[in-house]
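S.K.:
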Amino acid sequence: MSAPDREAGREAGQDAGSGRHRDRMIGLFLLAAAAFNPPLLGIFGVEGRVLGVPTLYVWVFGLWAAVIALAALAGRTR
Amino acid sequence: MEVGLDWTTVLIAALAYLSALFAIAHWADRREAAGRSVIASPTIFALSLGVYCTTWTFYGSVGRAATLGIGFLPVYLGPTLLMLLAPLILRKILRIAKTQRITSIADFLASRYGHSPLLGGLVALTATVGVTPYIALQLKAVAVSFDALTGGGGMGPAEGPFLDHGFLIAAVMALFAIVFGARQIDAAEHHPGMVAAIALESLVKLIAFLAVGLFVVWGLHDGLESLFDAAAARPDLAHLMGSDPALGHAPGGNGPWGAWVTTTILSAAAMLCLPRQFQVMVIESVDERHLDRAVWLFPLYLLLINLFVLPVALSGLLSFGGRIDPDLFMVALPLGGGADWLALLAFLGGLSAAAGMIVVESVALSTMLCNDLVMPILLRTRSRALARSADLAPLLLAVRRIAIVTILLFGYGYFRLAGSAYALVSIGLISFTAVAQFAPALIGGLYWRGATRRGAIGGVTAGTLVWAYTLLLPSFARSGWLPASFIADGPWGIAALRPYALFGLEGWDSLAHSLFWTALANIGAYVGLSLFDRPGAAERAQAAAFVDVFQSTPNGTAPNGAVPLREAPPDWRSAASVGDLTRVVARFLGPQRAERAFAGADPDEPAGPERLRLAERLLAGAIGGASARVALASSVSAGAVEAAELLRMLDETSDVIAHSRELERKTAELERATDALRAANERLTELDRLKDDFLSTVTHELRTPLTSIRALSEILHDDPDLDTDQRQEFLAVIIKESERLTRLINQVLDMAKIEAGALDWRIETIDAGPALTEAVAATEALFLERGITLSVDIPDRLPPVRGDVDRLIQVVVNLLSNAAKFTPPGGRTRLETRLESGFLKVTVTDSGPGVAAKDRELVFDRFRQSGDTLTGKPAGTGLGLAIAKRIVEHLGGRIGVADAPAGPDPESGKGAAFWFTLPLAANTADVPEFGVRRE
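Residue numbers (UniProt numbering), protein chains in the order written: chain Y, 1 to 78; chain X, 1 to 935.
1. Roughly how many whole angstroms lie between the Cα atoms of Arg24(Y) and Ala74(Y)?
2. Out of curiosity, what's the CA-to-CA distance linking Gly455(X) and Ile70(X)?
3. For Tyr414(X), does the count of other Cβ atoms within 10 angstroms reach 16, so buried, or fall short, so exposed?
4. Identify, in the order they occur along the chain, each residue of the same chain with its Cβ nearer than 7 angstroms to the Cβ of Ala199(X), setting aside the five sequence neighbours on each side.
5. Less than 6 angstroms between C-beta atoms, sequence neighbours within five positions excluded: which residues of the same chain meet that for residue 971(X)?
6. According to DSSP, what are the bridge partners of Glu832(X)?
7. First and last residue of the alpha helix (DSSP H) that includes Gly883(X)?
8. So that I know if they touch, is there some Cβ in chain X lying closer than 7 angstroms to that of Gly62(Y)?
9. Given this structure, state the Cα-to-Cα distance separating Leu741(X) from Ile709(X), to the nearest angstrom.
10. Spell out whether any CB of chain Y is found under 7 angstroms from the CB atom of Glu159(X).
11. Determine the chain X residues that contact Ala65(Y) at a beta-carbon separation under 7 angstroms, and present them in chain order.
12. Output yes if chain X places a C-beta closer than 7 angstroms to the C-beta of Ala35(Y); else output no.
13. Measure from the alpha carbon of His191(X) to the alpha carbon of each residue in Phe167(X), Glu361(X) and Leu314(X), then state which is nearest.
14. With DSSP as the reference, label Ser431(X) as helix, strand or coil.
15. Identify each residue in the segment 322-341 of chain X for which the Cβ-Cβ distance to at least one residue of chain Y is less than 7 angstroms, and report them in chain order.
16. Taking the CB atoms as reference points, tell me whether Ile358(X) and Leu206(X) lie closer together than 7 angstroms.
17. Can you tell me which of the three DSSP states Ala269(X) falls into?
18. Should Lys885(X) go down as buried or exposed, given a rule of 16 or more other Cβ atoms within 10 Å for buried?
19. Residues of chain Y with CB under 7 angstroms from Leu73(X), in chain order?
20. Do His290(X) and Pro42(X) have their beta-carbon atoms positioned less than 7 angstroms apart in this structure?
21. Rounded to a whole number of angstroms, what is the C-alpha to C-alpha distance between Thr724(X) and Arg703(X)?
22. When DSSP labels each residue in this structure, what does Val851(X) get in the three-state scheme?
23. Arg22(Y) touches chain X at which residues, Cβ-Cβ below 7 angstroms?
24. Hey, Thr262(X) and Ala519(X) are a contact pair by Cβ (cut 8 angstroms); roughly how many whole angstroms apart?
25. Assuming Pro275(X) and Ile402(X) form a contact by the criterion Cβ under 8 angstroms, report the distance between their Cβ atoms to the nearest whole angstrom.
26. Within the same chain, show all residues whose beta-carbon is closer than 7 angstroms to that of Ser351(X), passing over the 5 residues directly before and after it, in chain order.
27. For Leu40(Y), would you say it is in contact with chain X, using Cβ-to-Cβ distances shorter than 7 angstroms as the test?
28. For Leu520(X), which three-state DSSP category applies?
29. For Ile102(X), go through chain Y and note every residue whose CB falls closer than 9 angstroms to its CB, in chain order.
30. Would you call the segment 759-771 of chain X in contact with the segment 730-749 of chain X, where contact means no fewer than 3 C-beta pairs closer than 8 angstroms?
31. Under 7 angstroms, do Ala71(Y) and Trp341(X) count as touching if we go by C-beta distance?
32. Helix, strand or coil for Thr54(X) per DSSP?
33. For a contact defined as C-beta to C-beta under 9 angstroms, what are the partners of Leu446(X) on chain Y?
34. Specify the secondary structure class of Asp489(X) as computed by DSSP and reduced to three states.
35. Helix, strand or coil for Ser116(X)? Go by DSSP, reduced to three states.
36. Could you pull out every residue in the same chain whose Cβ sits closer than 7 angstroms to the Cβ of Cys370(X), ignoring the five residues on either side in sequence?
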């Protein structure tokens with residue numbers, strides 16, 4: 001069980017380092033919450049296809065993937 | 001459906017798959033025991049969160065997509081949003097759970113609100129009732145997919161009210177859950193084997209879903225484009241590709257609105273509050289940092305498993321129209337397409353999802369029911385019987401197993417009762433709304449210190465009651481168990497109480513409607529009661545420990561100084577014997593103290609709360625409160641020592657001790673600095689006083705000669721007839737007084753220069769003899785005038801010294817004039833020199849009153865006057881000796897005063913011997929830095 005050791009190392013660095021990370025994630029949350037909700041979904045819920053796939057479907061999954069990628073990036077470049 | 005697999009094949013495959021899962025779990029448990037954990041990986045952690053995706057996802061999403069288009073998505077967007085807030089919320093929950101040793105969400109809430117057993121029991125009960133429909137959903141999904149796969153009713157005689165598929169599945173699942181989660185009692189409620197199996201299960205259902213999706217899109221159709229083209233050509237399907245159905249705008253009408261937002265909020269709350277999510281995410285978490293990867297990996301998992309939902313739904317609708325329940329498309333499409341093996345894989349994926357959900361959920365619920373509902377009641381009502389029992393583990397296991405069976409029976413009962421009236425997702429959302437009732441108390445408890453136990457109990461109770469009225473009872477009504485008029489007209493025909501349109505709130509989606517009312521009741525009661533509540537000290541301390549978890553010190557003391565809880569652990573595990581306590585106390589305090597503390601008690605006797613408190617106090621004195629609790633708990637639940645945890649706490653305790661030592665050291669330093677400052681201040685005040693004295697002395701000294709000069713000058717001026725002798729005498733006085741003034745002013749200036757370090761020094765090798773002679777010559781008149789005998793003893797040849805001739809003369813003149821000043825008329829003064837270990841020592845001895853021992857240091861201070869002892873008023877400027885001291889020290893010598901040795905005036909027996917030394921030139925090679933001052 002080396003968990004306690006790793007734990008100890010984290011204490012000091014955590015607050016300074018993750019403050020920005022935390023803020024970024026909150027920003028990302030707000031962005032995603034806005035984008036995944038009716039007003040913007042309604043705009044994309046129109047006729048039309050992108051490469052044969054309905055616009056709405058592309059929008060939702062594309063956005064979702066982008067949010068995930070940004071979350072991963074935010075964690076990496078803290 | 002025309003084709004189907006042989007039901008025995010399906011059954012064997014299912015059992016084989018479940019056995020494989022169990023084997024994995026067993027293997028993981030063994031690895032864990034051997035110290036090579038397989039679950040200590042962020043990827044495994046993220047995958048285990050995939051237990052969120054149940055048959056609801058696997059079958060239900062397709063069904064929902066078949067009516068709502070992308071309306072199945074909020075259930076996954078909610079958790080995605082929640083994971084984005086993981087650094088804020090989840091990290092805090094994880095930390096708290098670790099420090100407070102939380103075993104379930106009921107335990108978490110109970111601990112937060114002052115270790116309230118009532119709240120714990122309430123949450124456990126609510127969770128159990130709330131999740132029952134969800135378990136029913138799993139049973140239904142497995143049952144109907146089994147039927148779909150085998151062509152329906154394939155199990156022959158196994159039909160009947162209590163022996164249908166659902167019951168058999170429930171029985172198998174119960175067995176499975178018991179085998180997984182309730183084989184043995186683990187103090188920390190860790191189930192590494194279960195987590196490993198869940199992670200694998202998550203992978204299997206993802207692969208199964210993707211395989212079916214790929215088969216449908218590229219096997220049954222020519223890719224996405226042709227599939228969507230085909231769907232777009234059908235007017236009844238085209239609208240599914242838009243946002244209208246999902247957002248609650250049915251084509252051509254205003255449908256109930258709010259479903260999208262409601263579902264997003266509910267699923268985010270459920271991700272946090274569902275007992276199984278709390279179990280895998282918080283309780284089973286082995287490392288806080290695993291969250292960092294889960295933050296994006298788990299949403300990615302959700303995205304992947306949802307990628308093909310709409311295509312499968314559209315394809316199913318194209319292929320089967322309304323002939324087959326859309327919830328079953330996942331099995332029906334491969335089967336219809338002739339890919340029997342893929343259908344079997346899909347069934348296994350669904351089974352996987354169901355098994356994972358049921359196992360984790362029932363384990364989490366049974367832990368809750370056991371720890372927070374049954375055991376507290378048993379402890380209260382049967383405490384004596386329990387205290388007699390040496391080993392409580394069998395009882396606990398029995399309670400948990402019964403709980404698991406009961407939970408599954410409830411689920412089965414609901415499935416029979418109401419299951420057929422709903423699509424899968426609708427059933428699940430009822431459960432989501434129930435567990436969402438914990439969210440206000442949970443999140444509020446993390447950030448709002450003022451939230452109280454009564455508020456939490458009130459909030460959860462109110463929310464749950466409203467939930468039962470607006471969602472649970474109507475579900476019974478819809479399945480015919482209650483009259484249908486209950487929904488349509490309200491109970492007893494009161495329209496205002498219609499459960500789907502409470503107080504006339506119409507036109508809402510039933511979920512949104514329920515969420516609104518439950519949130520209103522829940523948050524309202526929670527906030528309202530908390531605001532008007534006065535929690536006790538223990539509850540406030542617990543609140544602070546949760547809210548300030550990141551600032552709290554290791555031994556559990558909140559930063560505001562709140563006292564950590566010192567009550568005996570309410571935990572049932574504390575049923576320890578006196579022997580146990582003696583051993584653990586002895587381990588930390590030595591055997592003597594342990595023996596003394598528990599003297600006279602039978603080691604096998606149960607300890608009881610009094611002795612537990614004593615032991616905890618003893619241990620807390622040695623290793624701090626929090627560690628004491630852990631030490632006690634570990635000693636008591638044999639085998640669950642968790643040495644690492646204990647060591648960590650011990651480490652932190654010693655950290656604290658080191659910190660306090662450091663603090664003490666700094667305090668001492670501070671005190672010393674304060675003392676020094678005070679001394680400096682006193683000295684400054686003294687110097688200030690001396691300066692004032694000096695100024696008055698100097699002005700006096702300046703005025704005296706000035707007065708006589710002026711008086712005599714006026715006489716000379718006014719009286720031109722004065723005779724020559726008289727005139728000469730007066731002029732002589734004027735000259736003498738002017739010289740005195742000049743000397744005085746020169747001394748003041750010299751002193752100022754020396755003080756400022758602005759004096760010009762010409763230090764060189766000199767012969768001291770002529771300098772001394774010159775000084776004597778300069779002061780001879782003084783002695784003569786006062787009738788003092790000055791004897792000088794300077795050898796002809798003195799060794800050369802290092803010094804400044806002018807300054808040396810000044811020193812000697814100062815000493816001689818000092819002697820002249822204090823030697824009474826008729827007395828003697830003597831100047832002599834001596835060689836003393838590399839120095840030339842010059843001594844001026846007088847027969848004056850001498851210098852008292854206490855004044856010997858002070859006479860060399862500037863502005864010091866010692867003349868008052870003789871004449872009652874200062875006899876000089878007080879600068880002569882101070883200047884001499886500074887010059888001598890600058891030249892590398894020392895200066896001092898002693899009693900006159902046998903005196904030049906033996907009769908008086910008094911006299912002072914002022915001496916100073918100068919370094920010999922030959923000596924300076926060894927003492928190059930003789931210019932250094934010595935203070």
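Ideal Cβ placement from N, Cα and C applies to all residues, glycine included.
M.R.: Well, looking at it:
1. 7 angstroms
2. 38 angstroms
3. Buried, since its Cβ has 16 or more Cβ neighbours within 10 Å.
4. Ile44, Leu47 and Ser48
5. Only positions 1 to 935 of chain X appear in the structure, and residue 971(X) is not among them; the question remains open.
6. Asp793(X) and Thr843(X)
7. Rather than Gly, the amino acid found at residue 883(X) in this sequence is Ile. Ile883(X) -> alpha helix (DSSP H) spans Gly880 to His890.
8. So, not an interface residue.
9. 10 angstroms
10. Here the model assigns Glu159(X) a pLDDT of 42, short of 50, so the residue's position is not dependable, and the following value carries that caveat. Glu159(X) does not count as touching chain Y.
11. Leu303
12. no
13. Minimum Cα distance to His191(X) is reached at Glu361(X).
14. Ser431(X) falls in the helix class under three-state DSSP.
15. So the list is empty, because no residue satisfies the distance condition.
16. no
17. Here Ala269(X) carries a helix assignment [DSSP, helix/strand/coil].
18. buried
19. Val60
20. yes
21. 27 angstroms
22. Residue state, collapsed to three classes: coil.
23. Pro87 and Leu88
24. No, Thr262(X) and Ala519(X) are not in contact; Cβ-Cβ is about 10 angstroms, not under 8 angstroms.
25. No, Pro275(X) and Ile402(X) are not in contact; Cβ-Cβ is about 17 angstroms, not under 8 angstroms.
26. At residue 351(X) the sequence reads Leu, which differs from the Ser that was named. Hits under 7 angstroms: Ala14, Tyr17 and Val142.
27. no
28. helix
29. Those do not exist, as Ile102(X) stays about 17 angstroms from chain Y at its closest Cβ, beyond 9 angstroms.
30. no
31. The beta carbons of Ala71(Y) and Trp341(X) sit no closer together than 7 angstroms.
32. coil
33. Result: empty, since nearest Cβ-Cβ is about 14 angstroms, beyond 9 angstroms.
34. coil
35. coil
36. Leu396, Val399, Arg400 and Ala403
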